[in-house]
Amino acid sequence: MKMTMTPTRVFLAAVSAAVLIFAGTVSAQFGRVITVEAATAGDQTISGTVVPFREVTLTAQIGGRVTLVAGAEGDYFDREEVLVAISDERLAAQRQAAIADLRSAEAALREAQMQYGREIAAPRSRDIGQMPGMGIPSMFDQLITRPAGAIAGLGDPSVERHADLFSRQIGIDQATSRWHQARSRLDEIDSAIRDTRSVAPFSGLIMRKHVEEGDTVQPGHPLVTFGHVEFLRIEADIPARLVGRLSVGDMVRVTLDVGRTEVDARVAQIFPIADPRRHTVTVKFDLPRGVPGGPGMYADVHIPGSDTVQGVVRIPLSAIVPGGALPRVAVVEGDGTTRVRMVRLGAVQGNMVTVLSGLEAGERILDNPDANIRSGDRVDTTYSPRPAGPRFR
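Residue 317 in the numbering used here sits at position 315 of the sequence shown, and the numbers go up by one each step.
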């Protein structure tokens, strides 16, 4: 008897064929086989602070009253511009007195030099008319008495002349010393007057004012904090165990607090000594020009990890089998069968999770497994009908 193939019979035949072909298969989503790798120490995030490239705190060098504060926080000044001034009336009076002493010393020096020149041109020892009315006795002394005494060994006129010249030279030396003393005193006062003006050591801006006009300060009192902010740095206290991962010139990723901006910063300086109390090492990182924000801003420094952690692995979060009270993964055995295994999870970072126990480095697991996967299901790692990877069968 010939059977007529109606549309209904064609549909039932197709369904029966599909059942025969896929009998015993597991309905599952496609996934891909990945290899478990050992976890590294991972990036460590350390908090830091944005600081100026250069920063100084100007302090009072003399006591007095503040007469000028040139600007407020954020005002920009070029190098050598006056930032703070302290009263100098007392020093100005002392300077006038020092100038008068210097002029007196100069006059005394000129007088001593003139007396020395006079002694050279007209020796006092040969003067026969030093006293009024004594011209004849002096002439007799010069012509007869002194030559006769010299012949008899009773005196030498050259010795007296030498003593007179030596005395005049001593007068010049003493006058010169007094002039140098007066000159040094004037220089000292001028230096003190310069100290009443605190000038910008470099181009930058006032970061903080510590005084206002009219305040009375003593030596050592802070006046303003001044910084060079055209270039910025991050200063962070890095735990000593992590410093070994850094070298001067390395580039690290940092996250600035303003807009959560991420930029690369260069390791500029690593301090040679650790803090004995906190066991941290100060490290400075150079930021690129034009970054948002300014000094005092918070920043995260991401220290790269490199050391593997014994017995700990990391896998994608997508490799966890969906559902269930405890976390599970589908381990692919060498023969292609799966073994659903419970694992103990650790910290989550991004789309990766640390597995503390239940997996070892080098094992293969399924990424994006189906919630219905069971131990013993086979995975076809050779057939991949779409880029997602292998399928269960």
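Backbone N, C-alpha and C define an ideal beta-carbon position, used for all residues, glycine too.
In this text, all values refer to a predicted model and were calculated from it rather than measured experimentally.
Kindly give me the distance between the Cβ atoms of residue i and residue j, rounded to whole angstroms, as I take these residues to be in contact under 8 Å.
i      : j      : result
Trp181 : Glu108 : 6 Å
Val283 : Ile240 : 5 Å
Gly66  : Glu237 : Not quite, the Cβ-Cβ distance comes to about 34 Å (not below 8 Å), so this is no contact.
Leu70  : Glu215 : 7 Å
Val285 : Ile272 : 5 Å
Excluding sequence positions up to five away, which residues of its chain have a Cβ less than 6 Å from the Cβ of residue i?
i      : result
Thr37  : Arg366
Asp197 : Gln63, Ile64
Ser320 : Asp369, Asn370
Thr227 : Thr59, Met209, Arg210
Gln117 : Arg170
Asp80  : Ser205
By Cβ distance below 7 Å, which residues in the same chain neighbour residue i in space, the five residues on each side in sequence not counted?
i      : result
Ser377 : Thr340, Arg341, Val342
Ala184 : Ala100, Asp103, Leu104, Ala107
Thr61  : Gly222, His223, Pro224, Leu225
Asn353 : Pro318, Leu319
Thr178 : Leu111
Ala87  : Thr69, Leu70, Thr198, Arg199
Ala242 : Ala276, His281, Thr282, Val283
Gly2   : The requested residue 2 does not occur in the structure, where the chain is confined to residues 3 to 395.
Glu75  : Ile208, Met209, Arg210, Lys211
Leu328 : Met344
What are the boundary residues of the alpha helix (DSSP H) that residue i is part of?
i      : result
Ile367 : Not the alpha helix (DSSP H): Ile367 falls in the beta strand (DSSP E), residues 366–369.
Ala76  : According to the sequence as given, residue 76 is Gly; it is not Ala. That residue, Gly76, is in no alpha helix (DSSP H); it is neither H nor E in DSSP.
Looking at the secondary structure, which residues open and close the beta strand (DSSP E) in which residue i lies?
i      : result
Ser89  : Unbroken run through Ser89: none, as it is neither H nor E.
Ile322 : First-last for Ile322: undefined, no H or E at that position.
Ala349 : 346–351
Thr284 : 282–288
Phe55  : 46–61
Gly66  : 66–71
Leu361 : Where Leu361 is concerned, there is no enclosing beta strand (DSSP E), given that its DSSP letter is neither H nor E.
Ile272 : 264–272
Ala332 : 330–334
Among residues of its own chain, excluding the 5 on either side of residue i, which ones have a beta-carbon nearer than 8 Å to its beta-carbon?
i      : result
Gly373 : Inspection of the sequence shows that residue 373 is occupied by Ala rather than by Gly. Cβ within range, chain order: Val323, Pro324, Gly325.
Val250 : Val269, Ala270, Gln271, Ile272
Ile305 : Asp45, Gln46, Thr47, Ile48, Ile240, Leu244, Arg247, Leu248, Val254
Thr218 : Gly65, Gly66, Arg67, Val68
What I want to know is whether the C-beta of residue i ends up closer than 6 Å to one or more non-hydrogen atoms of the ligand ZN.
i      : result
Asp302 : What this structure holds is no ligand at all, so the ligand ZN is not there to describe.
Do the stretch 314–333 and the stretch 277–292 make contact, defined as three or more Cβ pairs closer than 8 Å? no
Segments of 4+ residues assigned as alpha helix (DSSP H) that fall wholly inside the stretch 163–249: 242–245
Inter-stretch contact at 8 Å, needing at least 3 Cβ pairs: the stretch 248–263 / the stretch 283–303: yes
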